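Number of protein chains: 2
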Amino acid sequence: MDGHARRIPDATVARLPEYLRILVELAEQRIGTVSSERLAELAGVNAAKVRKDLSYLGTYGTRGVGYDVDYLLFQMRQALGVTQDWPVVVVGAGNLGRALANYAGFSDRGFPLAAVVDVDDAKVGTTVGEVAVRPMSDLAELVRANQPVIGVIATPGPVAQLVADQLVAAGVTAILNFAPALVSVPPNISLRKVDLALELQILSFYQSHRESGSASRSWA
Amino acid sequence: MDGHARRIPDATVARLPEYLRILVELAEQRIGTVSSERLAELAGVNAAKVRKDLSYLGTYGTRGVGYDVDYLLFQMRQALGVTQDWPVVVVGAGNLGRALANYAGFSDRGFPLAAVVDVDDAKVGTTVGEVAVRPMSDLAELVRANQPVIGVIATPGPVAQLVADQLVAAGVTAILNFAPALVSVPPNISLRKVDLALELQILSFYQSHRESGSASRSWA
DNA sequence: CCGAGCTTGTGCACAAGTTCACAAGCGTGT
DNA sequence: ACACGCTTGTGAACTTGTGCACAAGCTCGG
Numbered sequence: 001m002d003g004h005a006r007r008i009p010d011a012t013v014a015r016l017p018e019y020l021r022i023l024v025e026l027a028e029q030r031i032g033t034v035s036s037e038r039l040a041e042l043a044g045v046n047a048a049k050v051r052k053d054l055s056y057l058g059t060y061g062t063r064g065v066g067y068d069v070d071y072l073l074f075q076m077r078q079a080l081g082v083t084q085d086w087p088v089v090v091v092g093a094g095n096l097g098r099a100l101a102n103y104a105g106f107s108d109r110g111f112p113l114a115a116v117v118d119v120d121d122a123k124v125g126t127t128v129g130e131v132a133v134r135p136m137s138d139l140a141e142l143v144r145a146n147q148p149v150i151g152v153i154a155t156p157g158p159v160a161q162l163v164a165d166q167l168v169a170a171g172v173t174a175i176l177n178f179a180p181a182l183v184s185v186p187p188n189i190s191l192r193k194v195d196l197a198l199e200l201q202i203l204s205f206y207q208s209h210r211e212s213g214s215a216s217r218s219w220a
Numbered sequence: 221m222d223g224h225a226r227r228i229p230d231a232t233v234a235r236l237p238e239y240l241r242i243l244v245e246l247a248e249q250r251i252g253t254v255s256s257e258r259l260a261e262l263a264g265v266n267a268a269k270v271r272k273d274l275s276y277l278g279t280y281g282t283r284g285v286g287y288d289v290d291y292l293l294f295q296m297r298q299a300l301g302v303t304q305d306w307p308v309v310v311v312g313a314g315n316l317g318r319a320l321a322n323y324a325g326f327s328d329r330g331f332p333l334a335a336v337v338d339v340d341d342a343k344v345g346t347t348v349g350e351v352a353v354r355p356m357s358d359l360a361e362l363v364r365a366n367q368p369v370i371g372v373i374a375t376p377g378p379v380a381q382l383v384a385d386q387l388v389a390a391g392v393t394a395i396l397n398f399a400p401a402l403v404s405v406p407p408n409i410s411l412r413k414v415d416l417a418l419e420l421q422i423l424s425f426y427q428s429h430r431e432s433g434s435a436s437r438s439w440a
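Order-wise, the sequence lines are chains A and B. Residue 220, in the working numbering, is where the first sequence stops; the numbers in between run on with no holes. Residue 440, in the working numbering, is where the second sequence stops; the numbers in between run on with no holes.
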């Protein structure tokens with residue numbers, strides 16, 4: 001009923017998928033209603049934060065009762081744009097690339113593996129996950145055939161920028177970078193980075209300084 | 221010379237490994253000195269932020285000159301506690317666990333794979349990465365033999381908390397959780413979470429709302 | 001020995017995120 | 001119809017993080 005078009009803060013956006021995961025679990029357990037307090041407990045955050053986060057969705061709960069799980073689930077999927085599947089194209093069929101391609105956790109949550117590509121002709125044709133590795137030259141075609149698609153960079157650091165440029169040229173507008181390197185893309189292309197070794201180093205820091213260690217600052 | 225014991229903000233800690241990676245690259249290129257501006261460019265952040273971050277280390281640069289790469293590298297490793305290797309024990313030899321175990325990026329950056337364990341007897345004895353899968357019952361012994369060790373949870377969500385409890389009982393004080401579930405640990409145990417599907421969902425959000433998308437909010 | 005040209009380190013103002021605390025509103029029972 | 005208990009939604013205080021702008025300090029050339 002309202003314009004509801006408040007801008008959603010980045011910090012909130014980062015928490016929405018966690019709420020989504022929890023709502024899916026609650027729905028599976030046939031739980032019809034949930035309070036912000038219960039949600040907060042399940043997500044490991046503060047109840048006031050949950051309420052404020054949800055209020056950005058324009059999704060209203062019912063005072064004295066809580067939130068309707070199914071309705072909130074619908075709203076959340078809507079907000080996150082995960083009402084349809086987003087196919088994923090993995091670039092790089094090395095250890096990490098094969099790992100990601102094999103990881104069922106993607107398909108299960110709405111991100112089916114569309115293709116794996118690699119520059120190395122020796123790898124082209126081998127099977128990874130459930131698809132055959134294709135040459136880089138097929139990239140543009142693969143992207144066109146699966147739009148909208150998310151590109152995953154699973155190459156060594158030094159070629160990450162090059163790959164990103166090729167993804168963008170091929171029409172990919174969302175990129176997840178696993179390579180340990182800075183990658184820049186044009187504005188309005190979404191980019192996120194995950195660096196596994198980096199996470200371990202952060203853990204190492206908090207261990208070394210473990211007097212008042214709030215390492216669980218993360219968000220879990 | 222100074223007490224230098226300022227508490228380092230979480231936001232700064234999260235950036236230190238990125239600086240470390242860049243410094244390693246600079247040192248490999250035999251570059252002796254770097255300015256905050258150059259470092260900022262390489263890390264994709266603001267120069268003032270770099271200077272403020274480095275100032276927390278008690279590491280001083282030289283005005284008019286910049287920072288000595290080797291000295292800063294030393295200080296950074298010291299601060300992060302990565303002067304020695306941290307062996308990693310992976311729990312779960314499923315797709316994700318095998319993936320992580322095979323990923324060379326860990327060993328290369330000071331986190332050698334010490335062991336992989338799994339509850340499934342059918343998997344015990346098979347080889348993953350460079351080690352044989354061991355039964356869960358060996359966990360405590362493996363941890364003792366490799367202390368200090370980092371535990372990596374690569375199991376399905378529902379058993380993540382159980383595994384975390386076993387890791388803690390075995391003496392692990394730092395845990396990286398890849399399972400899509402909330403895990404809680406006693407204070408002074410460090411815990412971080414990485415959820416791959418979650419990252420994809422965040423990308424999905426920024427794509428769906430792509431008018432003024434600042435998805436690269438991440439930190440790259 | 002002094003001045004010019006850089007670059008650091010940091011005080012300060014501002015922006016973003018978090019948490020508290022409470023009024024507003026819903027539902028139930030009497 | 002009304003009062004009571006519960007839970008939301010949000011203003012406001014507070015904490016954390018960011019970025020500007022500039023004084024302090026180093027180096028080099030003359």
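Where a beta carbon is used, it is the ideal one built from N, C-alpha and C, also for glycine. Just so it is clear, the structure is predicted and the values come from calculations on it, not from any experiment.
Just so you know, the alpha carbons of T232 of chain B and L176 of chain A end up roughly 23 angstroms apart.
Using beta-carbon distances, F425 of chain B counts as an interface residue toward chain A, with a partner under 8 angstroms. Of all residues in the stretch 226 to 245 of chain B, the ones placed with a Cβ closer than 9 angstroms to any Cβ belonging to chain A are R227, I228, D230, V233, A234, L236, P237, E238, L240, R241, I242 and E245, in chain order. Against N146 of chain A, chain B offers no close residue; the least beta-carbon distance is about 14 angstroms (beta-carbon pairs closer than 7 angstroms). Look at the beta carbons and you see the stretch 319 to 335 of chain B touching the stretch 344 to 352 of chain B: at least three pairs across the two are nearer than 8 angstroms. Looking at the backbone, the Cα of S184 of chain A and that of S137 of chain A are separated by about 22 angstroms.
Using a CB distance cut-off of 8 angstroms, G105 of chain A counts as an interface residue toward chain B. Straight across, the Cα-Cα distance linking G171 of chain A with G345 of chain B is about 45 angstroms. Within its own chain, the residues whose Cβ lies closer than 8 angstroms to the Cβ of I373 of chain B, once the five positions on either side in sequence are excluded, are V311, G312, A380, V383, A384, L387, I395, L396, N397, F398, A399 and V403, listed in chain order. In terms of beta-carbon proximity, T173 of chain A lines the interface with chain B, with at least one pair separated by less than 8 angstroms.
For R430 of chain B, the closest alpha carbon among the candidates A:V143, A:A169, A:D108 and A:G81 is that of A:G81.
Within chain A, the residues V194, L196 and E199 have their CB atoms less than 8 angstroms from the CB of V414 of chain B, given in chain order. For R258 of chain B, no Cβ of chain A is located within less than 8 angstroms of the residue's own Cβ. Using a Cβ-Cβ cut-off of 7 angstroms, V82 of chain A is close to Q421 and S424 of chain B, given in chain order. Excluding residues up to 5 positions away in sequence, L236, Y239, L240, L243, L277 and T279 lie with their Cβ nearer than 8 angstroms to the Cβ of M296 of chain B in the same chain.
Here the C-alpha atom of L274 of chain B lies approximately 39 angstroms from the C-alpha atom of E37 of chain A. Rounded to whole angstroms, the gap between the alpha carbons of R6 of chain A and V363 of chain B is 49 angstroms.
Runs of beta strand (DSSP E) with 3 or more residues, each lying fully within the stretch 98 to 139 of chain A, are found at 113 to 118 and 131 to 135, listed in chain order. By a beta-carbon distance limit of 8 angstroms, V309 of chain B contacts V369 of chain B. Their separation comes to about 5 angstroms. Counting every other CB atom within 10 Å of its CB across the protein chains shown gives P87 of chain A a total of 16 or more, marking it as buried. Residue-level contact check: R250 of chain B does not touch chain A, since none of the beta carbons of chain A fall below 8 angstroms from its beta carbon. In the three-state DSSP reduction, D68 of chain A falls in the strand class (E or B). Bounds of any beta strand (DSSP E) do not take in L259 of chain B; it lies within the alpha helix (DSSP H) bounded by S256 to A263. D68 of chain A and Q427 of chain B have their C-alpha atoms some 27 angstroms from each other. The Cβ atoms of F326 of chain B and A99 of chain A do not sit closer than 8 angstroms to each other.
Taking 8 angstroms as the cut-off, the beta carbon of A27 of chain A is found closer than this to the beta carbon of L73 of chain A. Excluding residues up to 5 positions away in sequence, A93 lie with their Cβ nearer than 8 angstroms to the Cβ of D120 of chain A in the same chain.
Non-local C-beta neighbours of T155 of chain A in its own chain, meaning closer than 8 angstroms and more than five positions away in sequence, comprise V91, G92, G94, G97, V163 and A179, ordered along the chain.
Here Q367 of chain B is exposed. Its C-beta has fewer than 16 other C-beta atoms within 10 Å.
Taking a beta-carbon distance threshold of 8 angstroms, N46 of chain A does not count as an interface residue toward chain B.
A direct Cα-Cα distance of roughly 30 angstroms separates A140 of chain A from E261 of chain B. In this structure G330 of chain B is in contact with D305 of chain B, their Cβ atoms being roughly 5 angstroms apart against a cut-off of 8 angstroms.
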